[in-house]
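Participant:
2 protein chains.
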Amino acid sequence: MKIESVDFYYLSIPQVLDIGDGSQDALLVRVQADGWIGWGECEASPLVSMASWNCPMSHSACKPVSASVLGQVIETPDDIRRINRLVRTNCLDLLQADHTLSGIDIALWDLLARKRQVPVYQLLGYERAYPKIAYASQLFGDDPQGTLERGRAVAAAGIRAAKFGWGPYGHGSPELDADHVHAAREGLGKDCRLLVDAGTVWFDDVERAAKRLEALNQCDAVWLEEPFVSGALEAYKGLAVRSGRVRLAGGEGCHNFHQAKNMIDYAGIGYVQIDTGRIGGITTALDVVRYAESLGIVFVNHTFTTHLALSASIQPYAGLKHHELCEYPFAPSALGRDLAGTGLSPDANGLVRLPETPGLGIEPDLRALREYQQTVEIQVNGRTVFASTRL
Amino acid sequence: MKIESVDFYYLSIPQVLDIGDGSQDALLVRVQADGWIGWGECEASPLVSMASWNCPMSHSACKPVSASVLGQVIETPDDIRRINRLVRTNCLDLLQADHTLSGIDIALWDLLARKRQVPVYQLLGYERAYPKIAYASQLFGDDPQGTLERGRAVAAAGIRAAKFGWGPYGHGSPELDADHVHAAREGLGKDCRLLVDAGTVWFDDVERAAKRLEALNQCDAVWLEEPFVSGALEAYKGLAVRSGRVRLAGGEGCHNFHQAKNMIDYAGIGYVQIDTGRIGGITTALDVVRYAESLGIVFVNHTFTTHLALSASIQPYAGLKHHELCEYPFAPSALGRDLAGTGLSPDANGLVRLPETPGLGIEPDLRALREYQQTVEIQVNGRTVFASTRL
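Top to bottom, those sequences are chains A and B. Quick note: the first sequence uses my numbering, first residue 909, plus one each step. Quick note: the second sequence uses my numbering, first residue 909, plus one each step.
1. Using CA atoms only, rank isn't needed, just tell me which of Lys-1023(B), Trp-944(B), Gly-1227(B) and Val-1154(B) is closest to Pro-1135(B).
2. Using 9 Å as the limit for Cβ to Cβ distance, is Gln-1223(B) near chain A?
3. Look up Cys-970(A) in the DSSP assignment and give the residues it is bridged to.
4. Taking Cβ positions, are Val-973(B) and Ile-927(B) nearer each other than 9 Å?
5. Of all the residues that make up the region 926 to 949 of chain B, which are near chain A by a beta-carbon distance shorter than 7 Å?
6. Taking 9 Å as the cut-off, decide whether the C-beta atoms of Pro-1240(B) and Thr-1214(B) are in contact.
7. Using 8 Å as the Cβ pair cut-off and three pairs as the minimum, do the region 1109 to 1118 of chain A and the region 1139 to 1156 of chain A touch?
8. Short of 6 Å in beta carbon distance, which residues of its chain neighbour Tyr-1034(A), apart from the five on each side in sequence? Order them along the chain.
9. Express the C-alpha separation of Gly-1185(A) and Glu-1264(A) in angstroms, rounding to a whole number.
10. Using 8 Å for Cβ pairs, my map puts Val-956(B) next to Cys-950(A). What's the rounded Cβ distance?
11. List the residues of chain A that His-1007(B) touches, going by C-beta distances under 8 Å, in chain order.
12. According to DSSP, is Asp-1099(B) part of a helix, a strand, or is it coil?
13. Which of the three DSSP states, helix, strand or coil, is assigned to Phe-1048(B)?
14. At 9 Å on the CB atoms, spell out the chain A contacts of Glu-1057(B), in chain order.
15. Are the beta-carbon atoms of Ala-1256(A) and Gly-1066(A) separated by less than 9 Å?
16. Report the CB separation of Leu-1156(B) from Gly-1178(B) in whole angstroms; it is logged as a contact under 8 Å.
17. Going by alpha carbons, who is nearest to Ile-1216(B) out of Thr-1108(B), Val-1206(B) and Ala-1015(B)?
18. Does the beta-carbon distance from Arg-1101(A) to Ile-1041(A) come in below 9 Å?
19. What residues in the region 952 to 979 of chain A bring their beta carbon closer than 7 Å to a beta carbon of chain B?
20. Check the Cβ of Thr-1214(B) against every Cβ in chain A and list those closer than 9 Å, keeping chain order.
21. Beta carbon of Gly-1339(B), beta carbon of Pro-1027(B): below 9 Å?
22. How far does the beta strand (DSSP E) with Val-910(A) in it extend, from its first residue to its last?
23. Give me the residue from Arg-1291(A), Val-1293(A) and Leu-1277(A) with the minimum Cα distance to Leu-1299(A).
24. Rounded to the nearest angstrom, what separates Ser-960(A) and Thr-1008(A) at their Cα positions?
25. Identify the continuous alpha helix (DSSP H) that holds Phe-1165(A) and give its terminal residues.
26. Measuring straight from C-alpha to C-alpha, what distance separates Lys-1023(B) and His-1230(B)?
27. Using only alpha-carbon positions, find the residue among Ala-1037(B), Arg-1036(B) and Asp-1087(B) that is nearest to Pro-1052(B).
28. Any C-beta of chain B within less than 9 Å: which residues of the region 978 to 992 of chain A qualify?
29. Run through DSSP, which three-state label would Asp-1105(A) get?
30. For Lys-910(B), which residues in the same chain have their Cβ closer than 8 Å to its Cβ, ignoring the five residues on either side in sequence?
31. Can the beta-carbon of Gly-1189(A) be found less than 9 Å from the beta-carbon of Gly-1161(A)?
32. Check for me: the beta strand (DSSP E) holding Asn-1209(B) runs from which residue to which?
33. So which of Asp-1085(B), Ser-931(B) and Ser-913(B) has the shortest CA-CA distance to Leu-919(B)?
34. Counting only beta-carbon separations shorter than 9 Å, does Gln-1046(B) have a partner in chain A?
35. Output yes if chain A places a C-beta closer than 9 Å to the C-beta of His-1166(B); else output no.
36. Grab the span of the beta strand (DSSP E) containing Lys-1071(A) for me, first residue to last.
This is the structure:
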C-alpha cells in the first residue's frame, strides 16, 4: 500500500496564555493508506509545521516534507525507517522538518500496527509493555510555603513521583531555591520520588547551577533536569561530575538521533528525556532507547500534551522494565483531555499502562475537536499551497 | 531607537530545479528603526521562516519570533545580543526560529553600523578586514574526465583554491572516488588548493569514509568536508584520528552556538564552517569565531547565495588574518547576482575584500528584485497573520 494522504489538524483553546502549559494547542496528523488510518501528533508551533508540509522547494536538499512522504510504499517497519531517512535527506536545510516528520512518523507506526492488529510496541519488537510509574509535573510555588502545599496535594493524591520546576527556581538566590526544594520534599513526604526541573535557567553557567546541588542531595532528589540548554555538553558534564547522587536529566529539545546520542556520550546525564513529537517520531525515539540502554542510561519520555502523544512517547521503551518512570500530563487543558481522552490515566498504584488494542490504542474524538480547530490557508502568488482539511 | 518594522521579501527564480544550487531562492529581510534601515538574509525555506514570524503563540516558550523583536530598543551591540538571546528563550520550542532570527540579526548589525557610519566588522571590534582567499565550489564531474576538465577550467581562471563535491562522490566505489580526486588535482595543477566536500553522504559510517582518505592525502587535499551529518560527533572523531594531513571540515548545519562548539570540542575538525544565515546571525557566528580561534580551529564561512549573505558571513572573522579561506559563490543564479550585485568578486589574485562602506556595504537593488518576488499570505481562521510587503 502507498501513502495516499496526510492531513494536519491545528487545534487550540480559544485563548492561549503566556504560561508553560504545552497542552494549549496541538497539531494532530492523520495519514491514510489503502483504507487504513493512522494518527500522530507534532510538537510544536502548528502553523510553522503546516507551512513546511508543502512549501516550495528551495533546492535539492530543501524540499517540502510532502515530497518524501506522499506516494511512498508502506508495508513494513523498514518502510517507515526508509521514509524517516528520506525526509531527513531531502529536508537537510529545512529546520522545521524534524518536528513535522515526528507526527507523520508516529501516524505511520499507528497505521501499520492497526493493519497488523497489534499494539505499536509489538511492532517495535517488544513482547510486552511494562507499566510505568507516572510522575506528576508541578510548577514550584510562588514561595516555599506554596511549594510545600503543592507537594502535600500531590502526596495526598497517591502519586509516587513528582517533578517541580520553572516558576521562581533559579531566578533568585541559591538559599531561596534550597528552601523550595526542602519544602517540596517536606510536602511530598519521604516515599514520593522528587524530581527537579530547572528549565534551562542557567543557560551554560556551571557555577550558578552547582550552588543548588547540596540541597538537591540533602532532599534526595532523583534528578536535576535541564540546568542548561540542550546541547551545552561541556556545561552538563562539568556539573555532572560534581552532582553526587543526584543525576542530571535532559534531551527534550533534541530533534535528531545524534543530538540525543551526544547528550548520552558527552553530557554525563543519567536520564535521557525524549519527546517523540520532536525527535523524529517513534522511529528515532526507538534508536535513542536502544543506544541509551546499551550504555546504562535511563530513557524517559517527555510529554506535556495529550494521551495520543503520551501513548506514542511510551511505546519506544514500553518493553524495558527498568526504565520505569514516565512523564504524565496531570493537568492538561480541556483540549488536551478532549483530543484523545484520558484512557491512560494512572491506576491506584500510580502506574500508567499502554493500551493493548491495535496501533497506539487511541481514537481521537473528532466531533469533540471541531470546536478547537484553527483553519489555515497559505497562498504563494495567490495560489493556495496549503489549506486545512475541515474536521 | 526602537525596532519599528521587519519586512520579509521572498525571492525566487521562476523554476527552481532539483539541484544543489542554494541561490535559486532567497529570503531578504529589512529592519527599520528611527529612519535607519538594515538588510539581512535567512537560509533557508523562505515560506517556513515567514510563517514563524507571526505564528500564533503555542505557550510561553513557543512564541512567534516577532514577539521578541518588534519594539525592542537597539542602541548598542549589546542590544543586538540581548535580542538574539530573547528570541532563543521565547522560541525554545519553535525549531525554525533560529533560521528566521539569523536574517534579522544580520539586518540589525547592518542597521546599527550604518547609523554609526562604520563597517560591521569595526562594530564587532576589528580594526581592519583582511582579504580572504576565495575558494570556488564545484560539483565533481559525472566521470573523472569531467572532473579533470572542471579542474582545468578553475585553474585557468586564476583561482587559488577549489572545492569539489557532491555529484557521484561517495555513491560508487572508493576506487572511482580516488580517480575523481586524482583527476581534480591533475586539472587544478599543484599550486591550487584542493578541498573535497562529501555532502554528508556516509551519514555516520566511519569505515566507508575511511576508504577515501588515502587518495585525499596523496592528492594533498586541504580538507574533507561533511563526511557525516552535522552533529555525528563520534563518527567525525573516529575519522579525524585516521585522516593524516587531511583535516575534517564541518558545521554548516549548526543552528546555535553550542552545536558549533560541540563540533569543535568533540568532532576533531580542523575547520569549522558556519553559515551566518542559519547559526543565528552575526552575533552567534562571532561567538563561534572567538571560540574556534581560542583553540586553534580555523573558521570558514559557508555561503552559497548572494553577496549580501557573503558580506554578512565574512564580517565575523574579517579581522583574523590567519583564517584566510572563504567560500565564494562563483556561479550563482541570476537572482543571486541581481539581489546584491557582484561587488565582492575576487580580485586578480583571487582575494575577496569586504566593503569599507558603512554596515555590510551592500545595497539591494529593489527594482531588479521585483520580478523575483513571491508574495505570501497566511490566514488562520480567515484572519491574515502574515502578508508580504510588496517591493
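Every residue, glycine too, gets a C-beta built ideally from N, C-alpha and C.
Facilitator: A quick look at the data gives this:
1. The count along the second sequence starts at 1 and reaches residue 1135(B) at position 227. If we check each option's Cα against that of Pro-1135(B), Val-1154(B) comes out closest.
2. Start at 1 with the first residue of the second sequence, and residue 1223(B) comes out as number 315. Judged by the 9 Å Cβ criterion, Gln-1223(B) is not in contact with chain A.
3. Taking the first sequence and counting its residues from 1, one reaches residue 970(A) at position 62. Its beta-bridge partners are His-967(A).
4. The residue given as residue 973(B) occupies position 65 in the second sequence. The residue given as residue 927(B) occupies position 19 in the second sequence. Going by C-beta atoms, Val-973(B) is not nearer than 9 Å to Ile-927(B).
5. Asp-926, Ile-927, Gly-928, Asp-929, Gly-930, Gln-932 and Asp-933
6. The residue given as residue 1240(B) occupies position 332 in the second sequence. The residue given as residue 1214(B) occupies position 306 in the second sequence. A contact, by the Cβ cut-off of 9 Å.
7. yes
8. Indexing the first sequence from 1 puts residue 1034(A) at position 126. Excluding residues within five positions, the ones whose Cβ falls inside 6 Å are Ala-1226 and Gly-1227.
9. By 1-based counting over the first sequence, the position of residue 1264(A) is 356. By 1-based counting over the first sequence, the position of residue 1185(A) is 277. Roughly 21 Å between the two C-alpha positions.
10. Stepping through the second sequence from its first residue, residue 956(B) is reached at position 48. Stepping through the first sequence from its first residue, residue 950(A) is reached at position 42. Not quite, the Cβ-Cβ distance comes to about 14 Å (not below 8 Å), so this is no contact.
11. In the second sequence, residue 1007(B) corresponds to position 99, counting from 1. Ordered by position in chain A, the residues that pass the 8 Å Cβ test against His-1007(B) are Leu-1003.
12. Reading the second sequence from its first residue, position 191 is the one you call residue 1099(B). Coil.
13. Taking the first residue of the second sequence as position 1, residue 1048(B) is located at position 140. Under the three-state reduction of DSSP, Phe-1048(B) is assigned to coil, being neither helix nor strand.
14. What you label residue 1057(B) is simply residue 149 of the second sequence in a count that begins at 1. Chain A residues near Glu-1057(B): none, gap ~23 Å exceeds 9 Å.
15. Translated into the one-based positions of the first sequence, residue 1256(A) becomes position 348. Translated into the one-based positions of the first sequence, residue 1066(A) becomes position 158. Yes, Cβ-Cβ distance for Ala-1256(A) and Gly-1066(A) is below 9 Å.
16. Working through the second sequence from its first residue, we reach residue 1156(B) at position 248. Working through the second sequence from its first residue, we reach residue 1178(B) at position 270. Between Gly-1178(B) and Leu-1156(B) the Cβ distance is about 6 Å, and since that is below 8 Å, they are a contact.
17. For the purposes of this step, residue 1216(B) is taken as residue 308 along the second sequence, with counting starting at 1. Note that residue 1216(B) corresponds to Leu in the displayed sequence, not to Ile. Nearest of Thr-1108(B), Val-1206(B) and Ala-1015(B) to Leu-1216(B), Cα basis: Ala-1015(B).
18. Locating residue 1101(A) in the first sequence gives position 193, where the first residue counts as 1. Locating residue 1041(A) in the first sequence gives position 133, where the first residue counts as 1. Their beta carbons are under 9 Å apart, which means Arg-1101(A) touches Ile-1041(A) by this criterion.
19. Ala-952, Ser-953, Leu-955, Val-956, Ala-959, Ser-960, Cys-963, Pro-964, Met-965, Ser-966, His-967, Ser-968, Ala-969 and Cys-970
20. Taking the second sequence and counting its residues from 1, one reaches residue 1214(B) at position 306. Chain A residues near Thr-1214(B): none, gap ~14 Å exceeds 9 Å.
21. Within the shown structure, residues of chain B are numbered from 909 to 1299, placing residue 1339(B) beyond reach of any answer.
22. In the first sequence, the residue the question calls residue 910(A) occupies position 2. The sequence shown places Lys at residue 910(A), not Val. Element bounds for Lys-910(A): n/a, residue is neither H nor E.
23. Here the question's residue 1299(A) lines up with position 391 in the first sequence. That would be Leu-1277(A), whose Cα lies nearest to the Cα of Leu-1299(A).
24. Counted from its first residue, the first sequence places residue 960(A) at position 52. Counted from its first residue, the first sequence places residue 1008(A) at position 100. Using only the alpha carbons, I get a separation of about 7 Å.
25. Translated into the one-based positions of the first sequence, residue 1165(A) becomes position 257. From DSSP, the alpha helix (DSSP H) with Phe-1165(A) extends over 1165 to 1174.
26. Mapped onto the second sequence, residue 1023(B) falls at position 115. Mapped onto the second sequence, residue 1230(B) falls at position 322. C-alpha separation (whole angstroms): 30 Å.
27. For the purposes of this step, residue 1052(B) is taken as residue 144 along the second sequence, with counting starting at 1. Nearest of Ala-1037(B), Arg-1036(B) and Asp-1087(B) to Pro-1052(B), Cα basis: Asp-1087(B).
28. none
29. Here residue 1105(A) refers to the residue found at position 197 when the first sequence is read from its first residue. Asp-1105(A) falls in the strand class under three-state DSSP.
30. The count along the second sequence starts at 1 and reaches residue 910(B) at position 2. Excluding sequence neighbours, Lys-910(B) sits near Ala-941, Asp-942, Gly-979, Gln-980, Val-981 and Ile-982.
31. Position 281 of the first sequence holds residue 1189(A). Position 253 of the first sequence holds residue 1161(A). Going by C-beta atoms, Gly-1189(A) is not nearer than 9 Å to Gly-1161(A).
32. As a working mapping, residue 1209(B) is identified with position 301 in the second sequence. 1206 to 1209 is the span of the beta strand (DSSP E), which, as asked, contains Asn-1209(B).
33. On the second sequence, position 11 is the one that residue 919(B) refers to. Out of Asp-1085(B), Ser-931(B) and Ser-913(B), Ser-931(B) has the C-alpha closest to the C-alpha of Leu-919(B).
34. Here the question's residue 1046(B) lines up with position 138 in the second sequence. By this cut-off, Gln-1046(B) is not an interface position.
35. Taking the first residue of the second sequence as 1, we reach residue 1166(B) at position 258. Closer than 9 Å: yes.
36. As a working note, residue 1071(A) is residue 163 in the first sequence. Going by DSSP, Lys-1071(A) is part of the beta strand (DSSP E) stretching over 1069 to 1073.
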